[in-house]
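Protein chains: 2
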Amino acid sequence: MTTLYLDNNATTMVAPEVLEAMLPYLKDHYGNPSSMHSFGGHVARKIAAAREETANLIGADPEEIIFTSCGTESDNTAIRSALASMPDRRHIVTSRVEHPAVKVLCEHLSKEGCRITEIAVDGQGRLDMEQYEKSLSKDTAVVSLMWANNETGVIFPVKTAAQMARERGILFHTDAVQAAGKIPIDMKRTAIDMLSFSGHKLHAPKGIGVLYVRRGTKFSPFLIGGHQERGRRGGTESVAGIIALGKACSLAAANVNLENSAVKALRDRLEQTILQRISDTKINGNTKERLPNTTNISFEFVEGEGILLMMNEYGICASSGSACTSGSLQPSHVLRAMGVPFTMAHGSIRFSLSIYNTEAEIDFVIEKLVPIIDRLRRLSPYWDDVKQSCVLH
Amino acid sequence: MTTLYLDNNATTMVAPEVLEAMLPYLKDHYGNPSSMHSFGGHVARKIAAAREETANLIGADPEEIIFTSCGTESDNTAIRSALASMPDRRHIVTSRVEHPAVKVLCEHLSKEGCRITEIAVDGQGRLDMEQYEKSLSKDTAVVSLMWANNETGVIFPVKTAAQMARERGILFHTDAVQAAGKIPIDMKRTAIDMLSFSGHKLHAPKGIGVLYVRRGTKFSPFLIGGHQERGRRGGTESVAGIIALGKACSLAAANVNLENSAVKALRDRLEQTILQRISDTKINGNTKERLPNTTNISFEFVEGEGILLMMNEYGICASSGSACTSGSLQPSHVLRAMGVPFTMAHGSIRFSLSIYNTEAEIDFVIEKLVPIIDRLRRLSPYWDDVKQSCVLH
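Residue numbers (this note's numbering), protein chains in the order written: chain U, 5 to 397; chain C, 5 to 397.
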């Protein structure tokens, strides 16, 4: 059975060009870039080139790029570095809808004596900017706000928020794991001090991440060891992963217009047709300031997991909540923060597209999804109640 | 020019079987193991199998294995976790010859208020067990001693040292990055609580590491985020890296006898012939308790870097000091700790072999090395002094 993959916010296919670029570094060019011989030196030069490609995607300078193992490591590094740089400040400002890499870390830091403010979002997932402004204090060491939400795709006004933090001498970090490659980013035009993103969300393999640290920002390493990454991250470089990431970033830079035209058109087609053809459905999250590839739809009176399982029978991959919290029976913390009613949150599905999806795939999903929802609703006790109440009153 | 690779303690070639095993996870099977669909589920099952293969190499249970991004992350995690588990103890015992992943971390922790004892080694790189025993105190939270030294191959008696720590209620961590796959390890027969190793030292790619944590050991995560690795290490799993590591571990388990017979024989041939054919040479480190693949040889009156550069002309890759500290003009901290005189330390070369090396390669190295040393010595001002002093007195 063919896989029809609409779960690109969880992870993406490795682009063929990326695999091709990295393969020589899994085969012949296996030298350690720190070695004295030219066999290692060749690898060091390729890493420098990949660093430049990576920097270019976000309008950064190569020396502002630190390669890490994943978005989580980048987030942990940024927040801990900020706390280490400002030892007399113990307040962190974040939001109620962050990824666990920030949210769970902040919960942990609160046990270590930090004070955490989680800024609320409204019913459309938009940040409460008034509460944000009020939360910034002389004790605030760092703000960490995601650029775009992984579950709804809602984009936060991080540039404005970063400017407000800078004016108050507060460091600003953004988790841009979902934004990088999907919307244009130019760090030269922002006041953001640190930015995280991850290779496997933009068609590089899993196991490689990036932390951007603006030149001049005080930095304290998280992984301490050898001199790699100019002493900012110990550990032998994940060579093939770095080469892959460089290539993926250069492809992403070339494709970002496609994301915002073709991919957006496919997403809109999927979303609009579902809203038209299936009753009692609702988009979660503001539809104006949103990633072009993501839609989060609640199907009332059914369980998201039931929908996923039945779509799975046709090879259709999507997600309920984020992959990083799946396995839990709790409805998504993002939808709860938005005040989405329990029954709607439980029936929510995230479809996240990529440049590799086609119109035929979208049409196939709709063709299958309509009878799936119909069948599940017929099985649902809640649906019965509604139908009966319609008849009786 | 063919590469003749004798720098396997820096990094290794990815085994063809390993590349073959991981490739499907860089191509078709790109699902996120945390996803609800069967596309992700397949990947999760393969990770479970790789965890079992990894555990088998060191006689551990699969649930005692945490996948990390590198040996440095494993070392950082182990030591920080031990400190978090014993908040009323602030003393760390380590040695003077550790890898920077432990040594530099400990130096950093000393600035954060920890007290560090670095146990000395003798002229043959052997741990001072008397000093070690005396150093263990009621304030000692953790001991971190490498199993085998990366520069000399000298093996520490970690089993005895771990037993002594356990008897005193002290956690014991070992950096086994150089030992794993080269000598038999059976964690069931040791009192070691935590053990680090790295994929790229045993023919898996760079960017994947392991931390073994004995069942029942109190553990505090280092990378905090999602539920991955049963909540012990956040971050999307480095899927292809993990699959590769599993395969590499199962190959290493099958080849450990070969390491201690064929590879050892090649190393001995190289070492003995050098000692016989080149005057004023000396093995650094105890030759009895030593890894089978490593020899560290001092060539008096010459610079190690000169030797490396001239060998490089023939495609021969070796190392002076460790790759993780190269670029520095300081002689190796390991050789300094052993009291190797400055001129001898500066002329030291590490050859580290693997199962892929051949007798013909070893003979080629010797054939080229003899005239290289001869030529360099003729250029050396120190060598002239010696010759003249021989003539004059």
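Note that beta-carbon positions come from the ideal geometry of N, C-alpha and C, so glycine has one too.
Minimum C-alpha distance to residue i - residue among the options
| i | options | result |
| --- | --- | --- |
| residue 114 of chain U | U:128, U:133, U:127 and U:94 | U:94 |
| residue 256 of chain U | U:117, U:121, U:346 and U:360 | U:360 |
| residue 33 of chain U | U:24, U:21, U:47 and U:20 | U:47 |
| residue 110 of chain C | C:131, C:141 and C:147 | C:147 |
| residue 169 of chain U | U:125, U:239 and U:98 | U:98 |
| residue 20 of chain C | C:249, C:369 and C:160 | C:249 |
| residue 354 of chain C | C:365, C:375, C:303 and C:363 | C:303 |
| residue 222 of chain U | U:268, U:173 and U:300 | U:173 |
| residue 101 of chain C | C:268, C:279 and C:153 | C:153 |
Proximity of residue i and residue j at Cβ, strictly below 8 Å
| i | j | result |
| --- | --- | --- |
| residue 342 of chain U | residue 157 of chain U | no |
| residue 204 of chain U | residue 16 of chain U | yes |
| residue 202 of chain U | residue 217 of chain U | no |
| residue 155 of chain C | residue 42 of chain C | no |
| residue 10 of chain U | residue 357 of chain U | yes |
| residue 18 of chain U | residue 31 of chain C | yes |
| residue 246 of chain C | residue 70 of chain C | no |
| residue 271 of chain U | residue 288 of chain U | no |
| residue 213 of chain U | residue 78 of chain U | yes |
| residue 382 of chain C | residue 306 of chain C | no |
| residue 195 of chain U | residue 175 of chain U | no |
| residue 339 of chain C | residue 352 of chain C | yes |
| residue 159 of chain C | residue 294 of chain C | yes |
Residue i, DSSP secondary structure in three states
| i | result |
| --- | --- |
| residue 122 of chain U | strand |
| residue 45 of chain C | helix |
| residue 17 of chain C | coil |
| residue 327 of chain U | Because the pLDDT at residue 327 of chain U is just 48, under 50, the model does not fix this residue reliably, and the point stays unresolved. |
| residue 132 of chain C | coil |
| residue 356 of chain C | strand |
| residue 9 of chain C | strand |
| residue 103 of chain U | coil |
| residue 40 of chain U | coil |
| residue 316 of chain C | helix |
| residue 90 of chain U | coil |
| residue 29 of chain U | helix |
| residue 76 of chain C | helix |
| residue 197 of chain U | coil |
| residue 227 of chain C | coil |
| residue 264 of chain C | helix |
| residue 22 of chain U | helix |
| residue 150 of chain U | coil |
| residue 192 of chain U | helix |
| residue 181 of chain U | coil |
| residue 216 of chain U | strand |
| residue 288 of chain U | coil |
| residue 206 of chain C | coil |
| residue 97 of chain U | strand |
| residue 175 of chain C | strand |
| residue 141 of chain C | coil |
Chain-ordered chain C contacts of residue i [CB-CB under 8 Å]
| i | result |
| --- | --- |
| residue 228 of chain U | 76, 80, 105, 108, 109 and 112 |
Within chain U, the residues that residue i reaches when beta carbons sit closer than 9 Å
| i | result |
| --- | --- |
| residue 129 of chain C | Those do not exist, as residue 129 of chain C stays about 20 Å from chain U at its closest Cβ, beyond 9 Å. |
| residue 43 of chain C | 7, 9, 11, 316, 319 and 321 |
| residue 309 of chain C | 40 |
| residue 209 of chain C | 29, 30, 34, 242, 243, 244 and 245 |
Partner residues on chain U for residue i, Cβ-Cβ distance less than 8 Å
| i | result |
| --- | --- |
| residue 18 of chain C | 30, 31 and 34 |
| residue 23 of chain C | 30 and 31 |
Heavy atom of the ligand SAH within 7 Å of residue i beta-carbon
| i | result |
| --- | --- |
| residue 318 of chain C | No copy of the ligand SAH appears in this structure; indeed no ligand is present at all. |
Within chain C, partners of residue i - CB distance below 7 Å
| i | result |
| --- | --- |
| residue 362 of chain U | By Cβ distance, chain C contributes nothing, its closest Cβ being about 18 Å from residue 362 of chain U, past 7 Å. |
Cutoff 8 Å: residue i Cβ touching any chain A Cβ
| i | result |
| --- | --- |
| residue 14 of chain U | Any reference to chain A falls outside this structure, whose protein chains are U and C. |
Please list the residues of the segment 311-324 of chain U that have a C-beta atom closer than 7 Å to any C-beta atom in chain C, keeping them in chain order. Going along the segment 311-324 of chain U in chain order, one finds 312, 316, 321, 323 and 324 with a Cβ nearer than 7 Å to chain C.
Give me the subset of the segment 96-108 of chain U whose CB atoms are less than 7 Å from a CB atom of chain C, sorted by chain position. Near chain C, meaning a CB-to-CB distance below 7 Å, the residues of the segment 96-108 of chain U are 104, 105 and 108.
Residues of the segment 109-126 of chain C with Cβ closer than 8 Å to any Cβ of chain U, in chain order: Of all residues in the segment 109-126 of chain C, 109 and 112 have a Cβ within less than 8 Å of some Cβ in chain U.
Residues, ordered as in the chain, of the segment 61-74 of chain C that lie near chain U by beta-carbon distance below 7 Å: Residues passing the 7 Å Cβ filter: 73 and 74.
Got a sec: which bits of the segment 155-186 of chain U sit with their beta carbon under 7 Å from any beta carbon on chain C, in order along the chain? Listed by position along the chain: nothing, the set is empty.
Return the residues of the segment 214-246 of chain U that lie within a Cβ-Cβ distance of less than 7 Å from chain C, sorted by chain order. Taking a C-beta cut-off of 7 Å against chain C, the contacting residues of the segment 214-246 of chain U are 227, 228, 229, 230, 231, 238, 239, 240, 241, 242, 243, 244 and 245, listed in chain order.
Short of 9 Å Cβ to Cβ, which residues in the segment 257-290 of chain U face chain C? Here the close residues number zero.
If contact means a Cβ-Cβ distance below 7 Å, which residues of the segment 192-208 of chain U contact chain C? Taking 7 Å as the Cβ-Cβ cut-off against chain C, the residues of the segment 192-208 of chain U that qualify are 204.
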